[in-house]
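Protein chains in written order, with the working numbering: chain A, 795 to 1108; chain B, -17 to 240.
Glycine included, each C-beta is placed from N, C-alpha and C at the ideal position.
Before any comments, here is the structure.
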């Protein structure tokens, strides 16, 4: 291993994948120690990775922008959450931005409230490692907005997760977007584009919908989820070319060669954020395999997401 | 040494591939530290006459046989497959086949397919079967090709105990007899790792525990896929160095001797 990633606890295992391997020769450095001691989850999220490395502020963190904690209806949830952190350790991922989803959709009010409590608990169990997205069903208009204010405002969640209850261009979604703008936090929106009707997700959003929403709300920070999540990624990348306030999340199980390279060429590396969505080796491998400079890879791996998180309003 | 049992040359009808000539694939292999690769024609997946793809492949690998190991694509329902198989084995020196039952629209259980498998086995050839070519959610509007159900593979390996099969681009084996310990199946198949999880569910680790590292082979799916995700799996895998070496190259080399 060429470069080790030091962590807050010496008992944690060394990653199998060094940052140098991730960056293909970059000298970008390790993560700050002691993040767990910071006063709030949000402070942990934006703590630059400089203490151990001496590197420039805000450089060097690897942030998985799309992860999930396990719904506690699953008996193995605690071990599964631990496995996520263990996998992040092995792969050199410093922070995982997590939502907890309901097992069935559309999410009920009780369902997403429970999920957000579990996400908050996950942030407490893994301080500085797990960052929370507040998951809501926008159909519960007032309650959804209250939930966002509570968890983003009081619990230090870093953003909002929207799934497939509504297509993102439906007016019921707009108040959520307006609140995200008010709070200065991103929305990670589930999306995919297939050339057939996806019967079990009739209100699925795609890159075109997100581009339309972005034009309506140019101040919004939108993240188009998992461009490698199974749909036609070439279509998605092209659909988002002219939507500068939409970031593209590289997560998903598909490892098609050229995905990250095309995204970088069409929308630019400044609009790409690294993610796994539980496909951990796929997520890391795609970035490692892309024909980009170490500096550009570091932007994707963490710097771009860090910049988004730093735009949060007080 | 690293041997990739899941690589391709040529064009694919629905997406531009990079690194799809012998020269460019070898450059990629050098960059990634992959020493040898089993290659077949990507074009033959959608050519009506798959033999045209085999001929292109033979031309491409000429002069690179020390590193590129060509496998033929045979469609058992296309006229003249017996002649094609003979040419691929005897003239082109191909030591294995790849079968695409869903893309070429036949059943693995059909008499014609069984005949191809028997004929190839008699020639000492290995049969590799991609469970899928690409993720179906991104498919073209022109077609809808399902993955091969693992149950169909179970029947195939049972019916041909003397044949050596390499299963490519699959997952979910632990939910099938194929990935279970003491499954009563012949040990005549190996599983390639490109779509197996190596963390979280860690199907790769489970398969090593259930079947033994002798039954797992390294593969990437390049140039359809970035090779790096498969390489990362090897790096994070909790296994002994001896087992990793089997997976990296030894298992494949034991089966791929000319």
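Please state the DSSP three-state secondary structure of residue i.
| i | result |
| --- | --- |
| residue 998 of chain A | coil |
| residue 880 of chain A | helix |
| residue 94 of chain B | helix |
| residue 1055 of chain A | helix |
| residue 155 of chain B | helix |
| residue 112 of chain B | strand |
| residue 799 of chain A | A caution first: residue 799 of chain A carries a pLDDT of 28, below 50, which makes its placement in the model too unreliable to give a value. |
| residue 89 of chain B | coil |
| residue 934 of chain A | coil |
| residue 174 of chain B | strand |
| residue 962 of chain A | coil |
| residue 45 of chain B | coil |
| residue 1070 of chain A | coil |
| residue 231 of chain B | helix |
| residue 955 of chain A | strand |
Between residue i and residue j, what straight-line distance do the alpha-carbon atoms span, to the nearest angstrom?
| i | j | result |
| --- | --- | --- |
| residue 905 of chain A | residue 893 of chain A | 13 Å |
| residue 96 of chain B | residue 913 of chain A | 53 Å |
| residue 44 of chain B | residue -11 of chain B | 16 Å |
| residue 979 of chain A | residue 1103 of chain A | 7 Å |
| residue 154 of chain B | residue 1000 of chain A | 28 Å |
| residue 21 of chain B | residue 1091 of chain A | 30 Å |
| residue 122 of chain B | residue 109 of chain B | 28 Å |
| residue 871 of chain A | residue 925 of chain A | 17 Å |
| residue 203 of chain B | residue 58 of chain B | 24 Å |
| residue 922 of chain A | residue 115 of chain B | 40 Å |
| residue 172 of chain B | residue 1062 of chain A | 41 Å |
| residue 62 of chain B | residue -1 of chain B | 29 Å |
| residue 900 of chain A | residue 942 of chain A | 18 Å |
| residue 970 of chain A | residue 908 of chain A | 19 Å |
| residue 770 of chain A | residue 132 of chain B | Lying outside 795 to 1108, the shown extent of chain A, residue 770 of chain A is not represented and no answer is given. |
| residue 7 of chain B | residue 1 of chain B | 5 Å |
| residue 238 of chain B | residue 1095 of chain A | 39 Å |
| residue 160 of chain B | residue 167 of chain B | 8 Å |
| residue 976 of chain A | residue 964 of chain A | 20 Å |
| residue 1077 of chain A | residue 1044 of chain A | 7 Å |
| residue 1086 of chain A | residue 208 of chain B | 13 Å |
| residue 142 of chain B | residue 93 of chain B | 13 Å |
| residue 824 of chain A | residue 960 of chain A | Any reading at residue 824 of chain A must be qualified, since the residue scores a pLDDT of 30, below 50, and its modelled position is unreliable; the value itself is stated next. Rounded to whole angstroms, residue 824 of chain A to residue 960 of chain A spans 40 Å at the Cα level. |
Is the Cβ of residue i closer than 7 Å to any Cβ of chain B?
| i | result |
| --- | --- |
| residue 979 of chain A | no |
| residue 810 of chain A | yes |
| residue 881 of chain A | yes |
| residue 1049 of chain A | yes |
| residue 1024 of chain A | yes |
Verify the CB distance criterion: does residue i have a CB-CB separation below 7 Å to chain A?
| i | result |
| --- | --- |
| residue 85 of chain B | no |
Leaving out five residues before and five after residue i in sequence, what residues of the same chain have Cβ atoms less than 6 Å from its Cβ?
| i | result |
| --- | --- |
| residue 134 of chain B | 90 |
| residue 858 of chain A | 887, 890, 1069, 1070 |
| residue 80 of chain B | 22, 53, 55, 110 |
| residue 112 of chain B | 150, 151 |
Tell me which same chain residues have a C-beta within less than 7 Å of the C-beta of residue i, skipping the five on either side of it?
| i | result |
| --- | --- |
| residue 179 of chain B | 185, 186 |
| residue 15 of chain B | -16 |
| residue 33 of chain B | 66 |
| residue 1032 of chain A | 1060 |
| residue 1074 of chain A | 881, 885 |
| residue 221 of chain B | 190, 195 |
| residue 1105 of chain A | 978, 1015 |
| residue 176 of chain B | -12, 151, 201, 202, 203, 207, 212 |
Which residues in the same chain have their Cβ closer than 8 Å to the Cβ of residue i, if we skip the five residues on either side of it in sequence?
| i | result |
| --- | --- |
| residue 3 of chain B | -9, 42 |
| residue 225 of chain B | 190, 195 |
| residue 988 of chain A | 1024, 1025, 1026 |
Please list, in chain order, the chain C residues whose beta carbon lies closer than 7 Å to that of residue i.
| i | result |
| --- | --- |
| residue 1083 of chain A | Among the chains of the structure shown, chain C does not appear; the protein chains present are A and B. |
Should residue i be listed as close to the ligand HEM, given that the test is whether its C-beta is under 6 Å from any heavy atom?
| i | result |
| --- | --- |
| residue 114 of chain B | Only the bare structure without any ligand can be found here, which leaves the ligand HEM out of the picture. |
So if I threshold CB-CB distances at 7 Å, which residues from the region 10 to 27 of chain B count as touching chain A? none
Contact list for the region 203 to 226 of chain B against chain A, Cβ threshold 8 Å: 203, 204, 205, 206, 207, 208, 209, 210, 211, 212, 213, 214, 215, 217, 218
Closer than 7 Å between beta carbons: that is the criterion. Which residues of the region 1053 to 1080 of chain A meet it against chain B? 1072, 1074, 1075, 1076, 1078, 1079, 1080
Which residues of the region -16 to 10 of chain B have a Cβ closer than 8 Å to any Cβ of chain A? Give them in chain order. -3, -2, -1, 0, 1
Chain-ordered residues of the region 906 to 918 of chain A with a beta carbon less than 7 Å from chain B: none
Residues, ordered as in the chain, of the region 979 to 1002 of chain A that lie near chain B by beta-carbon distance below 9 Å: Per Cβ criterion, the list reads 986, 987, 988, 989, 990, 992.
Contact set between the region 872 to 896 of chain A and chain B, restricted to residues whose Cβ is under 8 Å from the partner: 874, 877, 878, 880, 881, 884, 885
What residues in the region 101 to 120 of chain B bring their beta carbon closer than 9 Å to a beta carbon of chain A? 116, 117, 118, 119, 120
Which residues, in order along the region 167 to 188 of chain B, keep a beta-carbon less than 7 Å from a beta-carbon of chain A? 180, 181, 182
Scan the region 122 to 136 of chain B for residues whose Cβ lies nearer than 7 Å to a Cβ of chain A and list them as they occur along the chain. 122, 123
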